[in-house]
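To keep things clear, I will list the structure first and then write my remarks on it.
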Amino acid sequence: MPQLWPDVLAPVLDSVRYATLASYTWEQPRLLLLLPLVPLLFVLRWALARRHRAKLGVAFVAGQLPRDWSTVLRFLPDVVLALSMGFAILALARPQRTDERVVQSGEGIDILLVLDVSGSMELQDLRPNRLEAAKRVARGFIDGRQGDRIGLVVFAGDAYSLAPLTTDYDLLRDNLQSLRLGMIANDGTAIGTALGVATNRLRDSRSRSKVCILISDGENTAGSLDPLTAAQLAHAYGLKLYTIGLGQDGVVPYGTDETGRTTYVTTRLDETTMRQIAQAGEGRFFRATDNAGLREVFTQINRYEKSEIKQTRYRNTRDYYRIYLFWCLGLWLVWLGLKNTFLTNALED
5 MPQLWPDVLA
15 PVLDSVRYAT
25 LASYTWEQPR
35 LLLLLPLVPL
45 LFVLRWALAR
55 RHRAKLGVAF
65 VAGQLPRDWS
75 TVLRFLPDVV
85 LALSMGFAIL
95 ALARPQRTDE
105 RVVQSGEGID
115 ILLVLDVSGS
125 MELQDLRPNR
135 LEAAKRVARG
145 FIDGRQGDRI
155 GLVVFAGDAY
165 SLAPLTTDYD
175 LLRDNLQSLR
185 LGMIANDGTA
195 IGTALGVATN
205 RLRDSRSRSK
215 VCILISDGEN
225 TAGSLDPLTA
235 AQLAHAYGLK
245 LYTIGLGQDG
255 VVPYGTDETG
265 RTTYVTTRLD
275 ETTMRQIAQA
285 GEGRFFRATD
295 NAGLREVFTQ
305 INRYEKSEIK
315 QTRYRNTRDY
325 YRIYLFWCLG
335 LWLVWLGLKN
345 TFLTNALED
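Below you can see the structure in the form of structure tokens.
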């Protein structure tokens with residue numbers, strides 16, 4: 005047997021709280037505009053009745069007549085009727101609450117970012133330097149993905165898997181933020197070794213698409229694995245290779261000397277090898293000589309590699325008009341009862 009307060013009275017009283025009414029969405033919100041008209045109907049009725057009521061002049065003795073509080077009760081039936089009409093309008097406006105649930109289905113792709121952290125990434129033709137520019141744009145790339153597993157490999161003279169394939173993008177952003185020049189003691193540019201580490205990470209992936217994005221600014225100067233051989237091995241395991249060549253060829257700024265003057269060094273990208281790697285992996289080669297160009301490169305890759313993620317939305321709408329209909333009918337029955345009592349015939353002022 006339901007308990008009276010928690011099961012019946014509490015929900016009824018809660019339904020008339022302002023916070024409850026404000027939490028609804030209304031199927032017919034325009035009907036709520038009728039609420040201010042309810043008291044106006046009673047004012048209009050009172051004005052018409054006062055105008056057409058027959059008047060009888062009566063002389064009273066001097067002095068003030070005593071007032072009886074019970075005469076105020078003559079307004080009670082009208083108040084009850086007005087409340088009944090107000091709740092009827094609320095019920096007709098159909099208060100509702102909607103719960104929406106989004107279910108994602110489909111299959112993402114696996115992406116490995118392979119980033120050069122060698123000493124040459126300190127060059128300042130990209131601002132503030134090549135490494136920081138690459139980190140910033142890579143973060144934006146991660147922010148634009150949804151449902152994909154992304155991993156991170158870093159390399160200089162050696163190569164290491166810094167972050168496994170994951171959908172924990174906060175972890176990836178933290179790992180990207182931690183990258184710094186000199187974090188790998190053996191300096192150099194081991195492109196072939198880096199591709200080997202990426203292939204080892206992705207070869208067991210069951211994703212429909214496996215993508216490796218290699219970002220470097222130099223030529224292969226370290227490691228025992230030839231870059232082109234590594235690219236062919238990666239392709240054999242189903243990896244698609246994109247290569248991004250960072251920076252300008254020739255003389256570029258490289259910090260300052262002890263007097264504060266900008267120093268310059270000569271640098272060159274092995275564009276031929278980078279193109280061959282992309283071609284072997286059925287991907288594309290991009291050249292980014294400034295920050296805007298690097299952003300555009302990642303934007304293009306983002307367009308090429310799309311995940312098949314579908315969103316299904318489930319909407320569960322629950323109506324709450326019944327409780328206001330009960331209020332309306334209950335108060336209307338109370339009004340009918342009050343009409344047959346002395347309250348409707350109380351002495352009017």
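Numbers in my numbering are just positions in the sequence shown, counted from 1, shifted up by 4. Just so you know, even glycine gets a beta-carbon here, dropped at the ideal spot from N, CA and C. These figures come from a predicted structure and were not determined experimentally.
Query                                                                                                           : Result
Residue span of the beta strand (DSSP E) that contains Gly249, given as start and end                           : 243–250
C-beta atoms of Ile195 and Ser228 nearer than 7 Å                                                               : no
Cβ pair Ala226, Gly192 closer than 7 Å                                                                          : yes
Buried versus exposed call for Ser122 [16 or more other C-beta atoms within 10 Å across all chains shown]       : buried
Rounded separation between Leu335 and Leu342 - CA only                                                          : 10 Å
Which of helix, strand or coil DSSP assigns to Arg149                                                           : coil
Buried/exposed call for Trp50, threshold 16 Cβ in 10 Å                                                          : exposed
Cα-Cα separation between Asp222 and Tyr318, rounded to whole angstroms                                          : Note on residue identity: the sequence assigns Gly, not Asp, to residue 222. Those two C-alpha atoms are separated by around 51 Å.
Neighbour-count burial assignment, Phe302, 16 or more Cβ in a 10 Å radius                                       : buried
Sufficient close CB pairs (3 or more, under 8 Å) joining the segment 177–186 to the segment 148–155             : no
Own chain partners of Leu39 with C-beta closer than 7 Å, once the 5 adjacent residues on each side are dropped  : Gly90, Ile93
Status (buried if at least 16 other CB within 10 Å, exposed otherwise) for Met187                               : exposed
Other residues of its chain near Ala282: CB distance less than 6 Å, five sequence neighbours each side excluded : Leu245, Thr247, Arg288, Phe289
Best match in Asp178, Val118, Trp339, Asn295 for proximity to Ala198 [C-alpha to C-alpha]                       : Val118
Nearest-angstrom Cβ-Cβ length linking Thr29 and Thr102, presumed shorter than 8 Å                               : 6 Å
Cβ-based neighbour list, Gln252, same chain, cut-off 7 Å, excluding 5 preceding and 5 following                 : Asp129, Thr293
Reduced DSSP category for Ser27 - H, G, I as helix; E, B as strand; rest coil                                   : coil
Anticipated Cβ contact below 8 Å, Tyr268 with Val255, distance rounded                                          : 5 Å
C-beta atoms of Leu135 and Tyr258 nearer than 7 Å                                                               : no
Reduced DSSP secondary structure (H/G/I, E/B, other) of Gly155                                                  : strand
Residue of Leu52, Arg34, Leu85 minimising C-alpha distance to Val338                                            : Leu85
Closest by C-alpha distance to Ala26, when choosing among Pro99, Asn204, Phe330, Asp208                         : Pro99
C-alpha gap between Arg54 and Val47, whole angstroms                                                            : 11 Å
For Ser182, the first and last residue of its enclosing alpha helix (DSSP H)                                    : 173–182
Cβ-Cβ distance between Ala163 and Val201 below 7 Å                                                              : yes
Proximal residues to Phe145 (C-beta, below 6 Å), its chain only, five neighbours per side dropped               : Phe302
Span separating the alpha-carbon of Val20 from that of Leu340                                                   : 22 Å
Three-state secondary structure assigned by DSSP to Lys310                                                      : coil
Pairwise C-alpha distance: Arg105 and Ser214                                                                    : The sequence given here places Lys at residue 214; Ser does not occur at that position. So the alpha carbons of these two residues sit roughly 30 Å apart.
Test item: CB-CB of Cys216 and Leu116 under 7 Å                                                                 : yes
Among Asp174, Arg265, Leu80, Arg272, the one whose alpha carbon lies nearest that of Gly148                     : Asp174
Bridge partner(s) assigned by DSSP for Ile327                                                                   : Ile327 pairs with nothing; no bridge assigned.
Cβ pair Ala189, Asn179 closer than 7 Å                                                                          : no
Candidates Leu13, Asn295, Gln32, Ala14: closest to Asp323 by CA position                                        : Gln32
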